[in-house]
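K.L.:
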Amino acid sequence: MNLAIVITSGDPESTWNAFRLANMAKEKGDEVKVFLVARSVEYERYSTDKYPSKAEAEKFVNAGGTIMACFTCMKSRHQEGTNLCPISSLKDLYALVKESDKVISF
């Protein structure tokens with residue numbers, strides 16, 4: 164299954180849970196891509212010991228998962244792209260939604 168997970172929340176627990184789901188789906192053999200939009204592009208900054216979303220994202224990328232992040236959302240926060248938060252566009256989000264069997268939003 165092709166699964167798209169769209170994260171809009173700036174809440175550390177929600178982002179952590181979204182990446183946990185992405186990792187579980189990868190372990191089950193699904194193709195998974197995560198798209199970050201709005202405050203979620205800052206998830207690396209608000210990863211905590213209690214909700215280690217950055218560690219979950221690293222695990223996801225190391226397992227072959229793809230993360231994309233809204234360029235406009237990052238630019239408005241004066242944020243550069245990283246390996247765990249690479250710059251992408253709404254065109255890419257549209258293509259992701261179109262190609263996916265299921266889309267989940269956090």
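Residue 173 in the working numbering sits at position 10 of the sequence shown; the count goes up by one each step and never skips.
Even for Gly, the Cβ is constructed at its ideal location relative to N, Cα and C.
Owing to the predicted nature of the structure, the values given are computational and were not obtained by experimental measurement.
What are the residues that DSSP puts in a beta bridge with residue 181?
P.N.:
None; residue 181 has no bridge partner.
K.L.:
According to the Cβ coordinates, are residue 230 and residue 266 closer than 8 Å?
P.N.:
Cβ atoms of residue 230 and residue 266: not closer than 8 Å.
K.L.:
Which one or two residues does DSSP pair with residue 198 in a beta bridge?
P.N.:
BP columns for residue 198 point to 169, 231.
K.L.:
What residue range is occupied by the uninterrupted alpha helix (DSSP H) comprising residue 222?
P.N.:
216 to 225 is the span of the alpha helix (DSSP H), which, as asked, contains residue 222.
K.L.:
By alpha-carbon positions, which one of 195, 239, 237 ends up nearest to residue 224?
P.N.:
When only C-alpha atoms are compared, the closest one is 195.
K.L.:
Taking its Cβ as the centre, do 16 or more other Cβ atoms sit within 10 Å of residue 171, making it buried, or is it exposed?
P.N.:
Residue 171 is buried by the Cβ-count criterion.
K.L.:
Would you tell me roughly how many angstroms separate the C-alpha atoms of residue 191 and residue 209, rounded to the nearest one?
P.N.:
Cα to Cα, the separation comes out at about 28 Å.
K.L.:
What's the call for residue 199, buried or exposed, on a 16-neighbour Cβ count within 10 Å?
P.N.:
The residue is buried, with at least 16 neighbouring Cβ atoms inside 10 Å.
K.L.:
With burial defined as no fewer than 16 other Cβ atoms inside 10 Å of the residue's Cβ, what is the status of residue 253: buried or exposed?
P.N.:
Exposed.
K.L.:
According to the Cβ coordinates, are residue 189 and residue 228 closer than 8 Å?
P.N.:
Contact: yes.
K.L.:
Less than 7 Å between C-beta atoms, sequence neighbours within five positions excluded: which residues of the same chain meet that for residue 179?
P.N.:
Excluding positions up to five away in sequence, the list reads 214, 215, 216, 219.
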